[in-house]
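Chains as they are written, first to last, in the working numbering: chain A, 1 to 191; chain B, 192 to 382.
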């Protein structure tokens, strides 16, 4: 998505530790006009897949998932992060490691919101090592639902999570893939 | 909003401890068709107020704020919860007590996303004791921005937070106000 690349070039900042700051338009502050276009692009990518539900993870995945849900007219389910390992029997749960925060959360979804008849589209803001998507794919499997694929707004291609998931046969669409990132330069993968 | 009351009557459950479970349509799972109507209703309520930005708090306020931001065509900013009291100088911060979880979080917003020229509409899913809205009002004041008012999807009128804020002169709109709630019955306030 050309406009995602432009937003990154014009508004993002590269912080120490390989952090890409996109708080002005993607998380923390959400540019809703742009986000509406993001939702429409996701709907276009998966329009022939019979998606019945969008699955994301709190908190920064929610704006993109809602935008996609509006465009595709399907419900959105967001997984919650739960520090405790105490998960009741009415929830699906999987551990997800955060490389940004250096901790692991149990990610949970109440069972009644996913069914084996669902065809799930997983959406998130960032795809780096792939741990969040891997966790949401695991929850989709636990529910016995089928998976249409995944969308990340921004993929850090150099952290390999996306390509590892593609190698396993999953459809992974990223609206922008960054293959190199320094203070001075951001290089996108040709798509 | 009649349809909010109907959704509560048809889909919500009253759990022990005065918890109203609305996970099937408002949080955890989001009914996006309904949420679009919620956004349009919020836009209608505040259409003459010159709102420039919507402010909410992660995570369950985000879907409603995005819906309102889409309808009003203004950006959405969401405050983050931060367990540590370590807040850097580039953020506004205020403590918010959660009565559901029994803990207090520092709620933070990066300063660059709110300005004194902004007219803020605060949006959240629940209004009970009013601590989240009070915190977001405090952050609005710290930024020197003006406040158009607040919207809650569901107000627990019997917990008095909404009426206390109204008594202070704030405009507080709730799409449904529950004045009594038992296992058997939910009584809405006439609006």
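Just so you know, even glycine gets a beta-carbon here, dropped at the ideal spot from N, CA and C.
Along chain B, which residues have their Cβ under 7 angstroms away from the Cβ of residue 33 of chain A?
-> 264
Excluding five sequence neighbours on each side, which residues of the same chain lie with their C-beta closer than 6 angstroms to the C-beta of residue 338 of chain B?
-> 311 and 331
Cutoff 7 angstroms: residue 62 of chain A Cβ touching any chain B Cβ = yes
Look at residue 352 of chain B and residue 305 of chain B and say whether their C-beta atoms are less than 7 angstroms apart.
-> no
With distances taken from CA atoms, which of B:335, B:344 and B:328 is nearest residue 298 of chain B?
-> B:328
Using the beta-carbon of each residue, which ones in chain B are nearer than 7 angstroms to residue 140 of chain A?
-> Within chain B, no residue comes near residue 140 of chain A; the closest Cβ sits about 15 angstroms away, beyond 7 angstroms.
Taking DSSP as the reference, what is the three-state secondary structure of residue 27 of chain A?
-> coil
Thinking C-alpha only, which one of B:313, B:285 and B:281 is nearest residue 303 of chain B?
-> B:281
Please check if any C-beta of chain A sits within less than 7 angstroms of the C-beta of residue 247 of chain B.
-> no
Secondary structure at residue 75 of chain A, three-state DSSP: helix, strand or coil?
-> Residue 75 of chain A: coil per DSSP, three-state reduction.
Below 8 angstroms, can you find three or more Cβ-Cβ pairs linking the segment 41 to 48 of chain A to the segment 21 to 33 of chain A?
-> no
Starting from the C-beta of residue 77 of chain A, find all residues in its chain whose C-beta is less than 8 angstroms away, skip the five residues before and the five after it, and write them out in chain order.
-> 53, 54, 55, 56, 109, 113 and 114
Would you mind telling me which residues of chain B sit closer than 9 angstroms to residue 67 of chain A, beta carbon to beta carbon, in chain order?
-> 257 and 261
Grouping DSSP H, G and I as helix and E and B as strand, with all else coil, what is residue 206 of chain A?
-> An answer regarding residue 206 of chain A cannot be provided, because it is not within the stretch 1 to 191 covered by chain A.
Residue 299 of chain B - partner residues in DSSP beta bridges = Beta-bridge analysis with DSSP links residue 299 of chain B to B:271 and B:284.
Would you call the CB atoms of residue 61 of chain A and residue 125 of chain A closer than 7 angstroms?
-> yes
Determine the extent of the alpha helix (DSSP H) in which residue 181 of chain A is found, giving its start and end residues.
-> Not the alpha helix (DSSP H): residue 181 of chain A falls in the beta strand (DSSP E), residues 172 to 181.
Check residue 53 of chain A in the structure and name its three-state DSSP category.
-> strand
In chain B, what lies closer than 8 angstroms to residue 59 of chain A by C-beta?
-> The contacting residues are 249, 250, 253, 269 and 271.
Tell me which same chain residues have a C-beta within less than 8 angstroms of the C-beta of residue 249 of chain B, skipping the five on either side of it?
-> 269, 270, 271 and 272
Leaving out the 5 sequence neighbours to the left and right, which residues in its chain are closer than 6 angstroms to residue 233 of chain B when beta-carbon positions are compared?
-> 259 and 342
Using DSSP bridges, identify the partner residues of residue 323 of chain B.
-> None; residue 323 of chain B has no bridge partner.
Could you list which residues in chain B have their beta carbon closer than 8 angstroms to that of residue 28 of chain A, in chain order?
-> 268, 269, 271, 300, 301 and 304
Report, in whole angstroms, the separation of the C-beta atoms of residue 63 of chain A and residue 257 of chain B, which I expect to be a contact under 8 angstroms.
-> 5 angstroms
Can you grab the Cα-Cα spacing for the pair residue 94 of chain A / residue 294 of chain B, in whole Å?
-> 25 angstroms
Would you kindly check if the distance between the Cβ of residue 154 of chain A and the Cβ of residue 176 of chain A is under 7 angstroms?
-> Taking a C-beta distance under 7 angstroms as the contact criterion, residue 176 of chain A and residue 154 of chain A qualify as a contact pair.
Local conformation of residue 127 of chain A per DSSP, three classes | strand
Terminal residues of the continuous alpha helix (DSSP H) containing residue 195 of chain A?
-> Residue 195 of chain A lies beyond the residue range present for chain A, which begins at 1 and ends at 191; the question has no answer from this structure.
Could you please tell me which residues of the segment 305 to 322 of chain B, in chain order, have their CB closer than 7 angstroms to any CB of chain A?
-> none
Nearest-angstrom Cβ-Cβ length linking residue 325 of chain B and residue 205 of chain B, presumed shorter than 8 angstroms | Actually they do not touch by this definition, with Cβ atoms about 25 angstroms apart.
C-beta atoms of residue 156 of chain A and residue 178 of chain A nearer than 7 angstroms | The answer is yes: Cβ separation under 7 angstroms.
Starting from residue 97 of chain A, find everything on chain B with Cβ-Cβ shorter than 7 angstroms and list it in chain order.
-> Per Cβ cutoff of 7 angstroms: no residues; residue 97 of chain A is ~18 angstroms from chain B at best.
For residue 346 of chain B, the three-state DSSP class (helix, strand or coil) | strand
Let me know the secondary structure DSSP gives residue 188 of chain A once reduced to three states.
-> strand
Taking Cβ positions, are residue 145 of chain A and residue 168 of chain A nearer each other than 7 angstroms?
-> The answer is no: Cβ separation not under 7 angstroms.
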